[in-house]
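Those sequence lines, one after another, are chains A and B.
Following the numbering used here from start to finish, the first sequence increments by one per residue and tops out at 127.
Following the numbering used here from start to finish, the second sequence increments by one per residue and tops out at 127.
Have a look at the structure below before the remarks.
Protein chains: 2
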Amino acid sequence: MAHNHADHNHEHREDLTRNQGLVLETLNAADAPLSAYDILDRLRAEGLRAPLQVYRALEKLVDAGLAHRLESLNAFVCCANAEQHARTGGTAAFAICENCRRVDEFADEVVEARLADWAREHGFTPTRTTIELRGRCRECGTA
Amino acid sequence: MAHNHADHNHEHREDLTRNQGLVLETLNAADAPLSAYDILDRLRAEGLRAPLQVYRALEKLVDAGLAHRLESLNAFVCCANAEQHARTGGTAAFAICENCRRVDEFADEVVEARLADWAREHGFTPTRTTIELRGRCRECGTA
DNA sequence: TGGCATGGTGTTATGCTATAACGTAATGCT
DNA sequence: AGCATTACGTTATAGCATAACACCATGCCA
């Protein structure tokens, strides 16, 4: 799996420290967003004891584009497509089902372009963009 | 100002309870987002004592479209244009300056349409949408 | 008129989310 | 060797949010 990438400025899996790797694996194995404390609970067996250990790992993972923070949930997911993110630097959007908790990550160039337009026109320099839809996924229906 | 509006389904200022009115006034008077605890501190003189009093008022105000919650800050602002919101039901977007903390609320029909398209195509039924740009406003420059 | 549902209020207690501040250890560079 | 950088581990604390209970006003309608 992709050892040949010399021109990326982001970290990759093989660069991760033990704690970072554990946290990323935990997110990967989950089928729903996890809070930092959820993660901590799942990693006590591995020796983790304090929230900070998790938060520090999460910070690195998020910076590296390997995980995302869902602001409206105070929770984290692993990135659906880290390679793409690293390349395009694009903004991720999330559809979050409030019934089954599953999260669908997507990107929309038009949305990104419009927001970038607004920012330019208003002299705003964005550093981080959050787009989150809360609702019900197809499986969970409209009820 | 504007007592003639019979066909709105949302509450308006004159329908608010004392606590709700106090909280809305506080948000209105602020030039930056306030956390629930910020609001509580500013209303102790009015007799408020517990976080829940503020949270309950905030819930009503947000439901009524008179205030917004900023997910990435865990804080609240008063709505820049409640009338428009009530009419269009539109999604608000926010540009949040990380230097001066000021918030600019705006709406973009194209963004809304694109997100609605995505949702329809994926069978997702959104109930609430969050769009927040973090960065630096014109006044605070690009530094 | 009484009964009841609804919804706002006030209070205490508690739980969840996040970071400050400290010291230690490993690494890499010059 | 000396120094900068970065991760780590721990304790304590700060900040955000809600559960559970009791009380009271209103409005409805039997």
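Just so it is clear, CB atoms sit at the ideal spot from N, CA and C, and this is done for glycine as well.
Item	Value
Under 9 Å Cβ-Cβ, which residues of chain A neighbour residue 103 of chain B?	79, 117, 119
Does residue 17 of chain B come out as helix, strand or coil in the three-state DSSP assignment?	coil
Between the segment 81 to 100 of chain B and the segment 8 to 18 of chain B, are three or more C-beta pairs nearer than 8 Å?	yes
Using only CA atoms, which one of A/62, A/57, A/39, A/95 lies nearest to residue 74 of chain A?	A/95
In the structure shown, what three-state DSSP assignment does residue 123 of chain B receive?	coil
Determine the direct distance from the alpha carbon of residue 76 of chain B to that of residue 3 of chain B, and round the result to whole angstroms.	25 Å
What are the boundary residues of the alpha helix (DSSP H) that residue 97 of chain B is part of?	93 to 105
Please compile the residues from chain B whose C-beta is within a distance smaller than 8 Å of the C-beta of residue 55 of chain A.	55, 56, 114, 116
The segment 83 to 110 of chain A: which residues have C-beta closer than 8 Å to a C-beta of chain B, in chain order?	88, 90, 92, 94, 95, 98, 99, 102, 103, 106, 107, 108, 109, 110
Alpha carbon to alpha carbon, how far is residue 62 of chain A from residue 8 of chain A? Give it in angstroms, no decimals.	7 Å
Tell me whether residue 108 of chain B counts as near the ligand FAD, meaning its Cβ is closer than 7 Å to at least one heavy atom of that ligand.	Annotation note on the ligand FAD: not contained in the displayed structure, which lists no ligands.
Could you confirm whether any beta carbon from chain A is found closer than 8 Å to the beta carbon of residue -12 of chain B?	Note that residue -12 of chain B scores a pLDDT of 32, beneath 50, so its modelled location is shaky; the value from the coordinates is reported in the next line. Cβ-Cβ to chain A under 8 Å: no for residue -12 of chain B.
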